[in-house]
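In what follows, a structure is listed as structure tokens, so that the remarks can point back to it.
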Amino acid sequence: MSFEIIKGGLMTTIQDGGRYGVQDQGIPVSGFMDESSAQIANSLVGNSPNSALLECCQVGCTIKVNTEFSVAFYGAHMELKLNNHLVPQGKIITLTTDDILSIGFTTKGMYGYLAISGQLNISKIYDSYSTYLPAQFGGYYGKKLEVGDVVHILKPNILSNSFSVIKPQNFPQHVVLEALPGPEWDELPKESQELLLSSTYTISKDINRIGYRLEGDSIPLGAKKEIISSGMVKGTMQITSAGIPIIMMADAPTSGGYLRVLNLTERACDQLAQMQVGNRVEVRMKR
1 MSFEIIKGGL MTTIQDGGRY GVQDQGIPVS GFMDESSAQI ANSLVGNSPN SALLECCQVG
61 CTIKVNTEFS VAFYGAHMEL KLNNHLVPQG KIITLTTDDI LSIGFTTKGM YGYLAISGQL
121 NISKIYDSYS TYLPAQFGGY YGKKLEVGDV VHILKPNILS NSFSVIKPQN FPQHVVLEAL
181 PGPEWDELPK ESQELLLSST YTISKDINRI GYRLEGDSIP LGAKKEIISS GMVKGTMQIT
241 SAGIPIIMMA DAPTSGGYLR VLNLTERACD QLAQMQVGNR VEVRMKR
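As structure tokens, then:
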């Protein structure tokens with residue numbers, strides 16, 4: 001009861017809702033980059049929202065099935081084919097032995113999620129199945145999925161096909177991200193606060209599961225340019241000593257020494273995760 005990876009895609013990893021309670025040991029939360037898309041995929045196949053699934057980045061994977069089970073895909077607009085025939089995302093798809101499911105390039109968004117009805121037979125590390133690539137633990141032997149990997153499934157389920165389809169999300173190229181004040185917000189001069197909240201930034205090429213660097217107006221700092229290394233969470237926006245905004249994401253380190261001026265809402269983190277290089281964002285205070 002398993003499936004084999006025929007193509008690994010750019011970066012396909014196993015993720016779940018995250019690894020909590022060990023941040024004091026310097027271990028990041030990890031987990032889904034876009035929580036809402038992952039949770040919708042899981043819900044479609046009857047899994048709990050934070051169950052482990054396959055997270056595909058930019059280019060999806062191709063799997064060959066060795067048993068029968070149902071899946072659902074949701075998130076980035078990636079071409080989905082079952083035995084070379086197009087199938088929609090956002091609905092239950094039942095696979096049978098020797099079926100080949102391929103997930104192609106994204107046209108909109110960055111991360112797509114393949115949920116499997118049944119439990120992936122992998123080990124938990126610190127009470128989570130999430131892959132943390134920098135330290136090479138969690139998920140499938142701490143690495144991204146590659147050609148020849150075989151992932152086993154416990155209690156695979158076959159669900160009755162549903163004709164209802166959840167419509168794909170809209171991924172605009174210009175998004176306003178809601179945020180709350182961070183611990184060092186008041187350390188920014190008033191003019192710098194206004195500049196940050198009135199500027200339009202471009203998503204740079206320096207983006208990954210750790211963080212997103214923004215390109216645009218440099219934010220002048222006040223007397224305090226750095227802090228004693230302090231705690232961070234997903235969505236924390238730091239301003240570097242050079243005035244560059246960086247927003248922490250799922251694999252963010254647990255502490256850092258730059259000013260933590262804002263923190264994105266959960267919804268804004270999901271929106272940012274799906275932004276492509278060259279897309280534009282603005283940041284506004286949540287009312």
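No gaps in the numbering here: position 56 of the sequence shown is 56 in the UniProt record's numbering, and each next residue is one more.
Even glycine gets a Cβ: it sits at the ideal position worked out from N, Cα and C.
Just so we're clear, the structure is a prediction, and the values are computed from it rather than from any experiment.
Close-in-space but distant-in-sequence residues of the same chain around Asn50 (CB under 6 Å, 5 per side omitted): Reading the sequence shown from its first residue, position 50 is the one you call residue 50. Answer for Asn50: Asp16, Gly17, listed in chain order.
To which residues does DSSP link Gly21 through a beta bridge? Taking the sequence shown and counting its residues from 1, one reaches residue 21 at position 21. Paired residue(s): none; Gly21 is not in a bridge.
Closest residue to residue 288 among Lys91, Ile92, Leu101 (Cα-Cα distance): Nothing about residue 288 can be reported from this structure: the residues present for the chain run from 1 to 287 only.
Is DSSP giving Leu272 helix, strand or coil here? The residue given as residue 272 occupies position 272 in the sequence shown. In this structure, Leu272 counts as helix in the three-state DSSP scheme.
Does the Cβ of Met249 have 16 or more other Cβ atoms within 10 Å, making it buried, or fewer, making it exposed? Stepping through the sequence shown from its first residue, residue 249 is reached at position 249. Its Cβ being crowded by 16 or more others within 10 Å, Met249 is buried.
Compute the Euclidean distance between the alpha carbons of Gly182 and Val283, then round it to the nearest angstrom. Along the sequence shown, read from residue 1 onward, the residue named residue 182 stands at position 182. Along the sequence shown, read from residue 1 onward, the residue named residue 283 stands at position 283. Taking the straight line joining both Cα atoms gives about 13 Å.
Starting from Gln193 and walking both ways along the alpha helix (DSSP H), at which residues does that stretch end? Counted from its first residue, the sequence shown places residue 193 at position 193. For Gln193, the enclosing alpha helix (DSSP H) stretches over residues 190–198.
Proximity winner among Leu133, Asn170, Phe137, relative to Asp127 (alpha-carbon distances): Locating residue 127 in the sequence shown gives position 127, where the first residue counts as 1. For the residues Leu133, Asn170, Phe137, the minimum Cα distance to Asp127 belongs to Phe137.
Threshold first: 3 residues or longer. Then list the beta strand (DSSP E) segments lying entirely within the stretch 153–241, N to C. Fully contained in the stretch 153–241 are the following beta strand (DSSP E) runs of length 3 or more, in chain order: 174–181, 201–207, 211–215, 236–239.
Under DSSP, the alpha helix (DSSP H) around Leu44 begins and ends at which residues? As a first step, residue 44 must be located in the sequence shown, where it is residue number 44. Note, Leu44: alpha helix (DSSP H), 35–44.
From the DSSP output, which residues share a beta bridge with Lys7? Here residue 7 is taken as the residue at index 7 of the sequence shown, counted from 1. For Lys7, which the question treats as bridged, DSSP gives the partners Thr62.
Nearest-angstrom Cα separation, counted from Ile103 out to Gly148: For the purposes of this step, residue 148 is taken as the residue at position 148 of the sequence shown. For the purposes of this step, residue 103 is taken as the residue at position 103 of the sequence shown. Cα to Cα, Gly148 sits roughly 17 Å from Ile103.
Three Cβ pairs or more, each shorter than 8 Å: is that satisfied between the stretch 195–215 and the stretch 237–247? Here the stretch 195–215 makes contact with the stretch 237–247; the two share three or more CB pairs at distances below 8 Å.
Excluding the five sequence neighbours on either side, which residues of its own chain have a C-beta within less than 6 Å of the C-beta of Asn279, listed in chain order? On the sequence shown, residue 279 is found 279 positions in, with the first residue counted as 1. In its chain, beyond the 5 residues on either side, Gln173, Ile203 have a beta carbon closer than 6 Å to the beta carbon of Asn279.
Please name the residue, chosen from Gln119, Leu53, Met232, that lies closest to Gly31 on a Cα-to-Cα basis. Taking the first residue of the sequence shown as position 1, residue 31 is located at position 31. Of Gln119, Leu53, Met232, the residue nearest in Cα terms is Leu53.
Since Lys81 and Phe3 should fall inside the 8 Å C-beta cutoff, what is the C-beta to C-beta distance between them, to a whole number of angstroms? Stepping through the sequence shown from its first residue, residue 81 is reached at position 81. Stepping through the sequence shown from its first residue, residue 3 is reached at position 3. So it is not a contact: roughly 15 Å between Cβ atoms.
If you draw a straight line from the alpha carbon of Ser123 to that of Leu145, how long is it in whole angstroms? As a position in the sequence shown, residue 123 is number 123, starting the count at 1. As a position in the sequence shown, residue 145 is number 145, starting the count at 1. The C-alpha of Ser123 lies about 15 Å from the C-alpha of Leu145.
Determine the closest residue to Gly109 out of Gln276, Val281, Arg287, with distance taken between C-alpha atoms. Taking the first residue of the sequence shown as position 1, residue 109 is located at position 109. When each option's Cα is compared against that of Gly109, the closest is Gln276.
Is the beta carbon of Gly256 closer than 9 Å to that of Ser218? Against the sequence shown, residue 218 aligns to sequence position 218. Against the sequence shown, residue 256 aligns to sequence position 256. Contact: no.
Can you name, in chain order, every residue of its own chain whose Cβ lies under 8 Å from the Cβ of Leu159, other than the five neighbours on each side? In the sequence shown, counting from the first residue as 1, residue 159 sits at position 159. Hits under 8 Å: Val45, Gly46, Ser70, Ile92, Thr94, Ser117.
Can you tell me whether Arg260 is buried or exposed, with buried defined as 16 or more other CB within 10 angstroms of its CB? On the sequence shown, position 260 is the one that residue 260 refers to. With 16 or more other Cβ atoms from the protein chains shown falling within 10 Å of its own Cβ, Arg260 counts as buried.
Collapsed DSSP secondary structure at Ala72 in the structure displayed: For this step, residue 72 is matched to residue 72 along the sequence shown. Strand.
Looking only at its own chain, which residues have a Cβ that is under 8 Å from the Cβ of Arg19, when we skip the five neighbours before and after it? Taking the sequence shown and counting its residues from 1, the one referred to as residue 19 is at position 19. Result list for Arg19: Ile27, Pro28, Val29, Ser30, Gly31, Ile125, Tyr126, Asp127, Ser128, Ser130, Tyr132, Gly138, in chain order.
Among Glu266, Lys225, Gly216, nearest to Lys234 - alpha-carbon criterion: Mapped onto the sequence shown, residue 234 falls at position 234. The residue with the shortest Cα to Cα distance from Lys234 is Glu266.
Mapping the DSSP letters down to three states, classify Glu146 as helix, strand or coil. Here the question's residue 146 lines up with position 146 in the sequence shown. For Glu146, the secondary structure class from DSSP, reduced to helix, strand or coil, is coil.
Express the C-alpha separation of His152 and Met1 in angstroms, rounding to a whole number. As a first step, residue 1 is located in the sequence shown; it is residue number 1 there, counting from the start. As a first step, residue 152 is located in the sequence shown; it is residue number 152 there, counting from the start. Taking the straight line joining both Cα atoms gives about 6 Å.
Between the beta-carbon of Gln58 and the beta-carbon of Gly9, is there less than 9 Å? Translated into positions along the sequence shown, residue 58 becomes position 58. Translated into positions along the sequence shown, residue 9 becomes position 9. Note that the C-beta distance between Gln58 and Gly9 is below 9 Å.
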